[in-house]
Amino acid sequence: MKFLLIVFVFALSLSGTVSQAQQFGPREALVNVEPVSFERERNRVEAVGTAEAVRSITIYPAVGDRVVAVNFQPGDEVEKDELLVELDARRQQVAVEQAQINLRDTERTVDRLQASRELGAVPQSELDNAILLRDLARVELDNAKIELEDRFIRAPFAGIIGITDVEVGDRIEQQTTIATLDDRSTLLIDFRIPEAAVSLLQEGVELKVQPWRYSGTPVMADIVELDSRINPETRMYRARAKISNENDNFLPGTSFRTSIALDGEEFASIPEAALSWGVNSPFIWVVEGKNAKRIEVQIEQRLPGRVLVSGNIQRDDLLIVEGVQSLRDGQPVTFDRTSLDSGKLGE
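With the working numbering, the residue at position 228 of the sequence shown is 228, and numbering never jumps.
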């Protein structure tokens with residue numbers, strides 16, 4: 001009998017506790033909140049590029065002959081049209097003088113026949129023949145001058161001349177390499193990126209390059225050339241960037257680490273601790289009125305310590321960052337408004 005009385009009293013107390021819980025509703029949860037911040041998606045891709053001079057050539061002679069002078073040292077900075085190598089030109093100089101003599105003789109003949117023609121002393125056909133011979137003499141002189149000029153090898157543009165194996169006395173041919181010439185004031189960096197990253201190469205993209213041989217400050221570069229197609233075998237896309245090299249810090253052939261960065265769409269930036277995982281998708285908690293509200297989101301990008309997400313998130317929402325483990329949708333929440341207000345004033 002005593003045992004039944006104890007059980008009856010316990011049941012009455014339990015029913016009173018349940019009725020109180022139903023009367024006052026769910027218990028308030030103590031949470032920490034912060035205003036939702038937004039951040040742009042960061043798209044980035046890295047590639048390896050190789051530098052080349054903005055103008056770079058290998059110099060060959062137009063004709064073959066004996067070298068009589070080499071007027072440069074490897075590494076010299078030469079100007080446009082500066083004389084680099086001289087070939088034996090004695091026969092060509094004689095040919096020019098002979099062509100000049102022939103031209104002067106034909107010009108005198110034309111002048112004499114024109115005067116005679118005005119007096120009616122010679123037929124027009126004889127004068128026409130003399131004019132033809134004069135014109136041919138001019139062509140012969142021009143050709144002789146070209147033959148002479150081919151014996152003088154000049155720099156087609158200003159730049160740095162490379163190493164040469166040509167010496168005075170050598171007999172060279174048209175296939176003999178004189179030297180390389182590079183205009184290193186500007187460098188072009190040739191690089192390739194995957195097909196999936198082609199969309200990053202657009203106006204306003206930020207391109208940084210850094211030589212592999214040292215870890216200095218990256219150099220800003222401008223994309224100046226884009227290929228017309230993607231390589232169907234490698235699925236890579238070729239592009240070229242340009243950097244200034246006025247101080248001659250880099251050499252053609254240097255390998256560069258290229259990094260392309262472009263800001264994308266703007267998304268809510270969520271601390272990793274504020275992101276929860278459901279059965280079907282991740283979600284976050286925000287404060288709506290005085291209650292917790294669950295919002296399902298989609299992860300757009302992961303960044304160090306935070307995640308960019310999309311969803312039905314407003315700029316004035318308060319994000320619950322701590323205390324999310326036992327929350328229920330619609331559950332009352334309480335938080336320290338003093339720290340939140342001071343944070344807004346600090347901003």
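Beta carbons are placed, not taken as given, at the ideal position from N, Cα and C, and that holds for glycine. Quantities reported herein were computed from a predicted structural model and do not represent experimental measurements.
Requested in this report: Output the boundary residues of the beta strand (DSSP E) element that contains Asp317.
Outcome: Where Asp317 is concerned, there is no enclosing beta strand (DSSP E), given that its DSSP letter is neither H nor E.
**Report entry** Close-in-space but distant-in-sequence residues of the same chain around Arg192 (CB under 7 Å, 5 per side omitted)
**Finding:** Ala47, Met236, Tyr237, Arg238
Query raised in the report: DSSP state of Leu251, grouped into three classes?
Result: coil
Query - Status (buried if at least 16 other CB within 10 Å, exposed otherwise) for Asn280 - result: exposed
Requested in this report: Determine the burial state of Glu79: buried for a count of at least 16 other Cβ atoms within 10 Å of its Cβ, exposed for fewer.
Outcome: exposed
Query raised in the report: Terminal residues of the continuous beta strand (DSSP E) containing Arg238?
Result: 236 to 244
Query - Cβ contact check for the stretch 71 to 87 and the stretch 105 to 117: 3 or more pairs under 8 Å - result: no
Requested in this report: Leaving aside the five residues before and after Asp65 along the sequence, list all residues of the same chain whose C-beta is less than 6 Å from its C-beta, in chain order.
Outcome: Leu87, Asp88
Report task. From the DSSP output, read off the bridge partner residues of Asn231. Result -> Answer by DSSP bridge pairing: none, since Asn231 is not bridged.
**Report entry** Cβ-based burial, Ile163 [other Cβ within 10 Å; buried from 16]
**Finding:** exposed
Query raised in the report: Does the stretch 279 to 295 touch the stretch 320 to 339, meaning 3 or more C-beta pairs lie closer than 8 Å?
Result: yes
Query raised in the report: Within 10 angstroms of its Cβ, does Ile284 collect 16 or more other Cβ (buried), or is it exposed?
Result: buried
Query raised in the report: Whose C-beta lies closer than 8 Å to the C-beta of Ala21 among residues of the same chain, with five residues either side of it excluded?
Result: Reliability fails at Ala21, whose pLDDT of 42 lies under 50, so the model's placement of it is uncertain and the value that follows must be treated cautiously. None.
Query raised in the report: Under a Cβ-count criterion, where at least 16 other Cβ atoms within 10 Å of its own Cβ denotes burial, should Asn245 be classed as buried or exposed?
Result: buried
Requested in this report: Identify, in the order they occur along the chain, each residue of the same chain with its Cβ nearer than 7 Å to the Cβ of Gln331, setting aside the five sequence neighbours on each side.
Outcome: Pro26, Ala29, Asn291, Ala292
Query raised in the report: Around the C-beta of Arg337, are 16 or more other C-beta atoms found within 10 angstroms, so that it is buried, or is it exposed?
Result: exposed
Report task. Determine the burial state of Phe335: buried for a count of at least 16 other Cβ atoms within 10 Å of its Cβ, exposed for fewer. Result -> buried
Query raised in the report: Under 8 Å between the Cβ atoms of Val205 and Ile243?
Result: no
**Report entry** Bridge partner(s) assigned by DSSP for Ser373
**Finding:** The structure shown does not extend to residue 373, since the chain is modelled only from 1 to 347, so the question has no answer here.
Query raised in the report: Straight-line CA distance for Phe182 to Asp263?
Result: A small correction: the amino acid at residue 182 is Asp; Phe does not occupy that position in the sequence shown. Roughly 36 Å between the two C-alpha positions.
Query raised in the report: Where does Asp81 fall in DSSP's three states?
Result: coil
Query raised in the report: Roughly how many angstroms separate the alpha carbons of Asp190 and Leu103, rounded to a whole number?
Result: 53 Å
Report task. Could you check the C-alpha separation between Gln100 and Leu113 for me, to the nearest Å? Result -> 20 Å
Requested in this report: Taking Ile160 and Arg134 to be in contact with their CB atoms under 8 Å, please state how far apart those CB atoms are, rounded to whole angstroms.
Outcome: About 47 Å separates the two Cβ atoms, so there is no contact after all.
Query - Beta-bridge partners of Asn291, as assigned by DSSP - result: Glu288, Pro332
Report task. Give me the Cα-Cα distance between Val54 and Val224, rounded to the nearest whole angstrom. Result -> 12 Å
Report task. Specify whether the stretch 305 to 313 and the stretch 260 to 274 touch according to this definition: at least 3 beta carbon pairs, one from each stretch, less than 8 Å apart. Result -> yes
Query raised in the report: Where does Asn71 sit, in a helix, a strand or coil, going by DSSP?
Result: coil
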